Amino acid sequence: EAYARAIVEAVEHWDEPDVLAEISKGLGEAMKGLDKVSDRLQLRGV
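Spelled out as structure tokens, the structure:
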């Protein structure tokens, strides 16, 4: 819920860097990305 609220606020205040900095405080670690090679469904063309 905190991330969703932060996203909505960030979209609303996209042109206000000071507000964006305040919004992003306390959100914790960002979502981890995917490993493209290990998560590949098919190996053709590799």
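Position 5 of the sequence shown, counted from 1, bears residue number 1 in the working numbering, the numbering being contiguous throughout. Don't be surprised by glycine CBs; every beta carbon is placed ideally from N, CA and C. Computed from a predicted model, the values in this text were never measured in an experiment.
| Check | Outcome |
| --- | --- |
| Please name the residue, chosen from Gly29, Leu23, Lys28, that lies closest to Glu(-3) on a Cα-to-Cα basis. | Leu23 |
| Check for me: the alpha helix (DSSP H) holding Leu16 runs from which residue to which? | 13 to 20 |
| Is it true that the CB of Ala6 sits closer than 9 Å to the CB of Ile19? | yes |
| Just the Cα atoms here: how many angstroms apart are Lys21 and Arg40? | 43 Å |
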